[in-house]
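Colleague: Numbering (my numbering), first residue to last: 3 to 293. Take this structure first; my questions come after.
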Ligand SMILES: Nc1ncnc2c1ncn2[C@@H]1O[C@H](COP(=O)(O)OP(=O)(O)OP(=O)(O)O)[C@@H](O)[C@H]1O
Ligand SMILES: [Mg+2]
């Protein structure tokens, strides 16, 4: 399993509620995500109507849904790129807060989306993609200051992710798998407690996919919480314990992975006959028999 970097005995600073220091008794931990009665639109399309979802800290979760289910819209609600329709009993909370800024949140919550990958297609160099994570900016800017320790940490992360040789390469001149590693490094620079990953292995060849999954598993095993938003069943690692099935903006099933990840449920989710096979804690979908 890939070794994983944390910044040692970091005491988590508070967004709200009270967090325990490492190894101490849990007092009160706000949920990572609390979505309550949310209605949200993309253009004229109503994607969610009264959606509610809570994800607790430490609960590695996969949100699985077909094309158009609302996965990317959900991520945009979390990153505040879109807002729900305002209603008294409706909110989107991250770590217990409805309003937050990237500075407060970056040590708690990293989102690695495909939009982010697109935004870096300019002249950013590999090293600067990682460093830009400190400021949650796209690329670095002249006014941003980086200490020797900041740069050393970026070097250590690149070493862990196996991309040191690419630090001077333009992001746009990297393969998809290499870009994915740099974006993971950008998120890890702040040592967040939680990472939200959008179809993390799409576009990766088998080796790159397995290596990336290995990195994600290493993160979970080192205590990070992973929320995976995907329609790829094969990228749900054994450490994921909860699965939420999202279809047409509605949660049609939610619970422990063995109960939710079944051929019957997936056939209903994707509206196609699907036979699930399982090996070493991973799942793979095969065409099932027609009705
Ligand atoms: N900018 C937009 N304007 C109007 N409708 C949109 C817009 N973006 C998305 N939609 C619609 O919102 C719904 C949810 O889209 P979303 O991108 O969240 O799905 P998704 O689950 O991420 O799908 P995929 O697996 O294809 O990425 C779809 O019906 C889509 O057509
Ligand atoms: Mg999407």
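All C-beta atoms in this analysis are idealised placements derived from N, C-alpha and C, irrespective of residue type, glycine included.
Taking one C-beta from the segment 66–77 and one from the segment 125–143 each time, how about it: are there three or more such pairs within less than 8 Å?
Modeller: The segment 66–77 is not in contact with the segment 125–143.
Colleague: For residue 117 versus residue 38, is the C-beta distance shorter than 8 Å?
Modeller: For residue 117 and residue 38, no; Cβs fall outside 8 Å.
Colleague: For residue 233, verify whether its CB is less than 7 Å away from any heavy atom of ligand 1.
Modeller: Residue 233: yes, Cβ under 7 Å from ligand 1.
Colleague: According to DSSP, simplified to helix, strand and coil, what is residue 281?
Modeller: Residue 281 falls in the strand class under three-state DSSP.
Colleague: Would you say residue 203 touches ligand 1, meaning its beta carbon is less than 7 Å from a heavy atom?
Modeller: Checking every heavy atom of ligand 1 against the Cβ of residue 203, none is found closer than 7 Å.
Colleague: Is residue 73 near ligand 2, judged by its Cβ being under 7 Å from some heavy atom?
Modeller: Result yes, Cβ under 7 Å from ligand 2.
Colleague: In the DSSP assignment, what residue or residues form a beta bridge with residue 198?
Modeller: Paired residue(s): 113 and 229.
Colleague: Could you tell me whether any non-hydrogen atom of ligand 1 is closer than 7 Å to the CB of residue 125?
Modeller: Flag unset: Cβ of residue 125 not near ligand 1.
Colleague: Can you give, in chain order, each stretch of the beta strand (DSSP E) that sits fully within the segment 69–126 and has at least 3 residues?
Modeller: The qualifying runs are 93–96 and 111–114.
Colleague: Taking all protein chains shown into account, do 16 or more other C-beta atoms lie within 10 angstroms of the C-beta of residue 181, making it buried, or fewer, making it exposed?
Modeller: By the neighbour-count rule (16 or more Cβ atoms within 10 Å), residue 181 is buried.
Colleague: Return yes when the Cβ of residue 284 is within less than 8 Å of the Cβ of residue 236, no when it is not.
Modeller: Yes.
Colleague: Less than 8 Å between the beta carbons of residue 163 and residue 187, yes or no?
Modeller: Yes, these two residues count as a Cβ contact at 8 Å.
Colleague: Counting beta carbon pairs with one atom in the segment 169–176 and one in the segment 117–127, are three or more of them shorter than 8 Å?
Modeller: Contact holds: three or more Cβ-Cβ distances are below 8 Å.
Colleague: Could you spell out where the alpha helix (DSSP H) holding residue 261 opens and where it closes?
Modeller: Element bounds for residue 261: 259–262.
Colleague: If residue 245 and residue 263 are in contact, beta carbons under 8 Å, what's the gap, nearest whole angstrom?
Modeller: With 8 Å as the limit, residue 245 and residue 263 qualify as a contact, their Cβ atoms being about 6 Å apart.
Colleague: Between residue 49 and ligand 1, is the CB less than 7 Å from at least one heavy atom?
Modeller: It does: the Cβ of residue 49 is within 7 Å (strictly closer) of some heavy atom of ligand 1.
Colleague: For the alpha helix (DSSP H) containing residue 186, list its first residue and its last residue.
Modeller: Its alpha helix (DSSP H) spans residues 178–190.
Colleague: Do three or more CB pairs link the segment 249–259 to the segment 83–90 at distances below 8 Å?
Modeller: They do not touch, by the three-pair rule.
Colleague: Would you say residue 226 and residue 203 are within 8 Å of each other, going by their C-beta atoms?
Modeller: No. Outside cutoff.
Colleague: With DSSP collapsed to three states, give me the class of residue 289.
Modeller: DSSP places residue 289 in strand when its eight states are reduced to three.
Colleague: Which residues does DSSP list as the beta-bridge partners of residue 48?
Modeller: DSSP, once it has assigned bridges, lists 43 as partnering residue 48.
Colleague: Measuring from the CB of residue 69, is there a heavy atom of ligand 1 at a distance below 7 Å?
Modeller: Yes, ligand 1 has a heavy atom inside 7 Å of this Cβ.
Colleague: Using only the alpha-carbon positions, how far apart do residue 119 and residue 200 sit?
Modeller: Taking the straight line joining both Cα atoms gives about 11 Å.
Colleague: Does DSSP put residue 155 in a helix, a strand or coil?
Modeller: In the structure shown, residue 155 sits in a helix (DSSP, three-state: H, G or I).
Colleague: Near residue 243, which residues of its chain fall below 8 Å by C-beta distance, leaving aside the five closest residues on each side in sequence?
Modeller: Same-chain partners within the cutoff: 61, 62, 63, 258 and 259.
Colleague: Report whether the distance from the Cβ of residue 82 to the nearest heavy atom of ligand 4 is below 7 Å.
Modeller: Inclusion of ligand 4 in the displayed structure is not the case, the ligand content consisting of ligand 1 and ligand 2 alone.
Colleague: Based on the DSSP secondary-structure assignment, which residues constitute the bridge partners of residue 274?
Modeller: Paired residue(s): none; residue 274 is not in a bridge.
Colleague: According to DSSP, residue 237 sits in a beta bridge with which residue or residues?
Modeller: The partner list for residue 237 (beta bridge, DSSP) is empty, contrary to what the question assumes.
Colleague: Do you know how far the Cα of residue 55 is from the Cα of residue 34?
Modeller: Between residue 34 and residue 55, the C-alpha separation is close to 11 Å.
Colleague: Quick check on the burial criterion: 16 or more other C-beta atoms within 10 angstroms. Buried or exposed for residue 2?
Modeller: The chain is shown from 3 up to 293; residue 2 falls before or after that span and cannot be answered.
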